[in-house]
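> Questions regarding the structure given below will be posed in turn.
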Amino acid sequence: MEKPRTKEEHSAATCIQLWYRRCVDRKNSRLVKNLLVQQWAECAADVSEIKLVDDTVRLSYWVKMVRGPLPHVLCVVETLLLVVRKIKDTAKRRLPKAVHLELETIRDTQNITTKVYKELLAGRKMISPKHEIFRAGNLMGLRKGVREVERLLLECRSFAKPGDVDGLESHMKCGIKGIITNTR
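If you want the working numbering, it's the 1-based position in the sequence shown plus 3.
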């Protein structure tokens, strides 16, 4: 039987938990910030190759949208790929040591993560600056890709740790606001 905690032990445990959460949040925010800068640079470099097919969208509007909200969505995709790959690798490492009762759960996790990983790769390809949708200035195709990424983010929330996915919602909201809900 464990003895009840004293007030000092409780406050020390709370303090340790707060510092740990701050360190994890700082590490995650640095990763996301670096990915965001990388994605912005990639979009800015490829924005010169846009050839507009649709006359209803002006080039200046497209350039602003691509340099603003699109890197946020690409950052969400890259981070989700890292999270899903980590979960997938963890399940693969647990498989040889698993007891009979865990095998079904691990197989389900592997199947879900494999499916989501493939969909994320397809979504990244669809909205990346190297894809024809981007180069043609196809706004409707880009909106479809962003909606797909939003769906995958919600799906990842069901099996990922809350700390891995929580910070991505603000970036996704920025992308949705700039690409999907924009009235132009």
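Yeah, the Cβ is synthetic: ideal placement off N, Cα and C, and Gly gets one too.
Predicted model, so just to flag it, every value in this text is computed and none were measured.
Is it buried or exposed, N141, if we count other Cβ atoms within 10 angstroms and call 16 or more buried?
On the sequence shown, position 138 is the one that residue 141 refers to. Label assigned to N141: buried.
> Going along the chain, which unbroken runs of the alpha helix (DSSP H) with 4 or more residues stay wholly within the segment 78-163?
Listed in chain order, the complete alpha helix (DSSP H) runs (minimum 4 residues) inside the segment 78-163 are 103-130, 135-139 and 142-160.
> Would you kindly work out how many angstroms separate the C-alpha atoms of V79 and T9, rounded to a whole number?
To locate residue 79, count along the sequence shown from 1; it is residue 76. To locate residue 9, count along the sequence shown from 1; it is residue 6. Using only the alpha carbons, I get a separation of about 43 Å.
> Three or more beta-carbon pairs under 8 Å between the segment 101-114 and the segment 65-77, yes or no?
No, the segment 101-114 is not in contact with the segment 65-77.
> In the DSSP assignment, the alpha helix (DSSP H) including K176 goes from what residue to what residue?
Position 173 of the sequence shown, counted from the first residue, corresponds to residue 176. Unbroken alpha helix (DSSP H) run through K176: L171 to G178.
> Does the beta-carbon of H174 have 16 or more other beta-carbons within 10 angstroms, so that it is buried, or is it exposed?
Working through the sequence shown from its first residue, we reach residue 174 at position 171. By the 10 Å Cβ count, H174 comes out buried.
> Taking all protein chains shown into account, do 16 or more other C-beta atoms lie within 10 angstroms of the C-beta of K169, making it buried, or fewer, making it exposed?
Counting from 1 along the sequence shown, the entry for residue 169 is found at position 166. For clarity, residue 169 is Asp in the given sequence; the question names Lys instead. So D169 counts as exposed.
> Assign R8 to one of three DSSP states: helix, strand, or coil.
Working through the sequence shown from its first residue, we reach residue 8 at position 5. If DSSP states are grouped into helix, strand and coil, R8 belongs with coil.
> Determine, using beta-carbon pairs with one atom in the segment 80-99 and one in the segment 152-169, whether at least three such pairs fall under 8 Å.
As far as the Cβ criterion goes, the segment 80-99 touches the segment 152-169, which means the pair count is three or higher.
> Beta-carbon within less than 7 Å of L123's beta-carbon, same chain only, minus the 5 sequence neighbours each way: which residues are those?
Translated into positions along the sequence shown, residue 123 becomes position 120. If we look at L123 and ignore the five residues flanking it on each side, its Cβ neighbours are V80, L83, L84, V87 and L155.
> Helix or strand or just coil, what does DSSP make of G181?
Numbered from its first residue, the sequence shown carries residue 181 at position 178. Three-state DSSP puts G181 in a helix.
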